[in-house]
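Top to bottom, those sequences are chains A and B. Quick note on numbering: this note's numbering labels position 116 of the first sequence as 116, and the sequence is numbered without any gaps. When you read off a place in the second sequence, starting at 1, and then add 203, the result is the number in this note's numbering. The C-beta atom is built at its ideal place from N, Cα and C for all residues, glycine as well. Heads up: the structure comes next, in C-alpha cells.
2 protein chains.
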Amino acid sequence: MTQYRKTERTRVKRLPKRAEYDVEKVNAIIDEALICHVSTQVGGQPLLQPTVHWREGNQLYVHGSSKNGLFKALLEGNEACIAITHLDAIVFARSAFHHSVNYRSVVIYSKARLVDDQDEKRHSLDQLMEKFQAGRSVEARPANEIELKATSVLAFELDELSAKIRTGGPVDDPEDMLLPVWAGVQPIMTQRGEIEFDTTAGA
Amino acid sequence: MTQYRKTERTRVKRLPKRAEYDVEKVNAIIDEALICHVSTQVGGQPLLQPTVHWREGNQLYVHGSSKNGLFKALLEGNEACIAITHLDAIVFARSAFHHSVNYRSVVIYSKARLVDDQDEKRHSLDQLMEKFQAGRSVEARPANEIELKATSVLAFELDELSAKIRTGGPVDDPEDMLLPVWAGVQPIMTQRGEIEFDTTAGA
C-alpha cells in the first residue's frame with residue numbers, strides 16, 4: 001500500500017490541494033512528532049488528551065495509566081479521532097485576511113486495541129524508548145511485571161486518515177501586491193537541546 | 204476570579220499535584236501557544252482539528268471558513284473539548300517505566316458562541332493579528348466585507364478547565380539510583396526564527 005484510502009470523512013473538502021495520502025509522507029509527519037492529541041466521546045461528551053505516541057508499521061501506539069478515563073472510553077469501543085500537528089511558520093500577507101500558518105497535520109479515525117500480548121507490549125514500549133533516544137531500550141532498566149501491569153498500551157490501526165500540509169509564502173490578492181505592507185514567512189523551529197544530566201546522589 | 208473553578212470532570216484525578224487552576228498561570232499557557240486542538244462529537248462520532256487560537260479576557264477565540272464541518276457541529280450546540288499543549292522536555296530516567304516528558308497543557312470544556320457582532324468580530328480578528336506580531340493589525344490591509352463574511356469567529360468562555368504541568372528531572376525508584384544508567388532532561392525548544400521577507404514583484 002502506498003496511499004492511505006480516502007473515505008467520505010477523510011476526503012479533504014476545503015483546499016484539497018493541501019491534502020496528502022502518501023503513506024511515506026504521512027508516516028514521516030507522524031514520526032517527527034512526539035505527541036498527538038487523542039479524542040473520543042462518551043454519551044455525547046467529548047474527551048481530549050495530549051499524549052506521547054509512537055508508530056511501527058501501520059500501528060500507532062500510545063500508553064498510559066490503566067486508570068485513565070480516556071483510555072477506558074476508548075476500550076469500551078468508542079471511536080477515536082487522533083491529530084498530530086506541526087506548526088512550521090507564521091505567514092504574513094499584505095492583507096489581514098490572507099495571513100496564515102504553514103503546518104503539517106494528520107487526522108486519524110480509528111478504534112483502540114488493547115495490547116495485551118506481553119511480547120508485543122514489551123516490544124512496543126521498547127520502540128517508545130528508541131524514539132526518545134536510539135539505544136535507550138537496552139540502557140534503561142526494563143519494566144518489571146508490576147510496572148508493565150500498571151501501563152496500558154493502546155494500538156490504533158493507521159488506515160482511515162488524511163494529512164494536510166501548507167508550505168510557502170503568502171498568497172495575496174493581485175490588487176494588494178502594490179500596498180506598502182511587508183509580507184513574509186516567519187519559521188517556527190522546534191528542536192531538542194543538550195541533555196542536562198541528572199547528578200543526584202547515587203547516580 | 205483568581206482560580207478557575209474545579210468541576211467533577213476538571214478535577215485532576217491522576218497525579219493531582221500536577222494540576223493548576225490559577226487564572227494567570229493557566230492563561231499564560233494558553234497565550235504562549237499559537238495553536239490548540241478543538242474536538243467535539245456529532246452522533247457519537249468524534250471530530251478533532253488543530254487551529255490557531257487567541258484569547259482576550261475569559262474568551263478563547265478560533266476562526267475559520269464558515270463552511271468548516273467542525274464549526275458547524277459546534278454551532279449546533281455540541282460541546283467542545285479544547286486542548287492546548289506545550290511539550291517542554293524529554294525526561295530520561297534510570298528505569299524505562301519512569302521515563303516521562305515535561306509539559307504544560309490545558310484542557311477546556313466549553314460551548315461555542317458565534318461572534319456575529321461586527322465590532323467584536325473585527326476587534327477580535329485584530330487581536331489575532333497582534334498575536335502574530337505586535338502592530339500587525341494596523342499594518343495589514345483590514346478585511347473587507349466579503350472577507351469578513353467568509354470568516355467565522357467562534358468564542359469559548361474559559362470557565363471549566365484544568366491545566367497540568369510537569370517540570371523537573373526524573374523521579375526514579377530509590378533502588379534504581381545506583382544503576383549504571385545515565386538519567387537527565389533533554390529540553391525541547393520552540394522558537395520563532397528570522398522573518399523571510401516576500402519580495403515577489405509588486406511587493
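For the beta strand (DSSP E) that residue 368 of chain B lies in, which residues bound it at each end? 363–369
For the segment 371–396 of chain B, list every residue whose C-beta sits within 7 angstroms of some C-beta in chain A, in sequence order. 372, 373, 379, 380, 381, 382, 384, 385, 386, 387, 388, 389, 390, 391, 392, 393, 394, 395 and 396
Looking only at its own chain, which residues have a Cβ that is under 6 angstroms from the Cβ of residue 203 of chain A, when we skip the five neighbours before and after it? Here the model assigns residue 203 of chain A a pLDDT of 45, short of 50, so the residue's position is not dependable, and the following value carries that caveat. Closer than 6 angstroms at the Cβ level, and outside the excluded window around residue 203 of chain A, lies no residue.
Which one of A/58, A/64 and A/96 has the shortest CA to CA distance from residue 149 of chain A? A/64
Closer than 8 angstroms is the cut-off here; do at least three beta carbon pairs connect the segment 373–388 of chain B with the segment 272–290 of chain B? no
Using a Cβ cut-off of 7 angstroms (strictly closer), state whether residue 129 of chain A contacts chain B. yes
Whole beta strand (DSSP E) elements within the segment 15–57 of chain A, 3-residue minimum: 35–42 and 45–56
In the DSSP assignment, find the beta strand (DSSP E) that holds residue 150 of chain A and state where it starts and stops. Careful: residue 150 of chain A lies outside any beta strand (DSSP E), inside the alpha helix (DSSP H) at 145–150.
By DSSP, does residue 269 of chain B sit in helix, in strand, or in coil? coil
Reduced DSSP category for residue 341 of chain B - H, G, I as helix; E, B as strand; rest coil: helix
Can you find the residues in the same chain that come closer than 7 angstroms, C-beta to C-beta, to residue 278 of chain B, ignoring five residues on each side of it along the sequence? 315 and 317
Going by other Cβ atoms of all chains shown within 10 Å of its Cβ, with 16 needed for buried, is residue 253 of chain B buried or exposed? buried
Name, please, each residue of chain A whose Cβ falls closer than 7 angstroms to the Cβ of residue 297 of chain B. 140 and 141
Against chain A, with Cβ distances strictly below 7 angstroms, would residue 400 of chain B count as a contact? yes
DSSP state of residue 122 of chain A mapped onto helix, strand, coil: helix
Listed by chain order, chain A residues near residue 328 of chain B by CB distance under 8 angstroms: 96
Counting C-beta neighbours from all protein chains within 10 Å, is the total for residue 326 of chain B 16 or more, i.e. buried, or is it exposed? exposed
Rounding to the nearest angstrom, what Cα-Cα distance links residue 321 of chain B and residue 231 of chain B in this structure? 28 angstroms
Relative to the C-alpha of residue 295 of chain B, which residue among B/210, B/373 and B/206 is closest? B/373
Alpha carbon to alpha carbon, how far is residue 147 of chain A from residue 412 of chain B? Give it in angstroms, no decimals. The question about residue 412 of chain B has no answer here: the residues shown for chain B are numbered 204 through 406.
Rounded C-alpha distance that separates residue 192 of chain A from residue 132 of chain A: 11 angstroms
When you compare the CB of residue 74 of chain A with every CB in chain B, is at least one pair closer than 7 angstroms? no
Could you work out which residues of chain B lie near residue 105 of chain A, taking near to mean beta carbons separated by less than 7 angstroms? 253
Are the segment 299–310 of chain B and the segment 356–368 of chain B touching, with three or more C-beta to C-beta distances below 8 angstroms? yes
Listed from N- to C-terminal order along the chain, which residues in the segment 27–53 of chain A have their beta-carbon within a distance smaller than 8 angstroms of any beta-carbon of chain B? 34, 35, 37, 39, 40, 41, 44, 45, 46, 47, 48, 49, 50 and 52
Quick one: what does DSSP say residue 207 of chain B is sitting in, helix, strand or coil? coil
Span separating the alpha-carbon of residue 70 of chain A from that of residue 344 of chain B: 44 angstroms
Pick from A/31, A/55, A/79 and A/77: whose alpha carbon is nearest that of residue 120 of chain A? A/55
Mapping DSSP to helix, strand and coil, what is residue 290 of chain B? strand
Measuring CB to CB, does residue 360 of chain B end up less than 7 angstroms from residue 298 of chain B? no
Under three-state DSSP, which class holds residue 156 of chain A? strand
Proximity to residue 31 of chain A [Cα-Cα], best of A/38, A/59 and A/39: A/59
Examine chain E for any beta-carbon lying closer than 7 angstroms to the beta-carbon of residue 134 of chain A, and answer yes or no. Considering every chain present, this structure includes no chain E. Its protein chains are A and B.
Are residue 276 of chain B and residue 245 of chain B touching if we call contact CB-CB under 7 angstroms? yes
Can you check whether the C-beta of residue 350 of chain B is within less than 7 angstroms of a C-beta belonging to chain A? yes
Using the C-alpha atoms, what's the distance from residue 39 of chain A back to residue 475 of chain B? Outside the displayed span of chain B (204 to 406) sits residue 475 of chain B, for which this structure offers no information.
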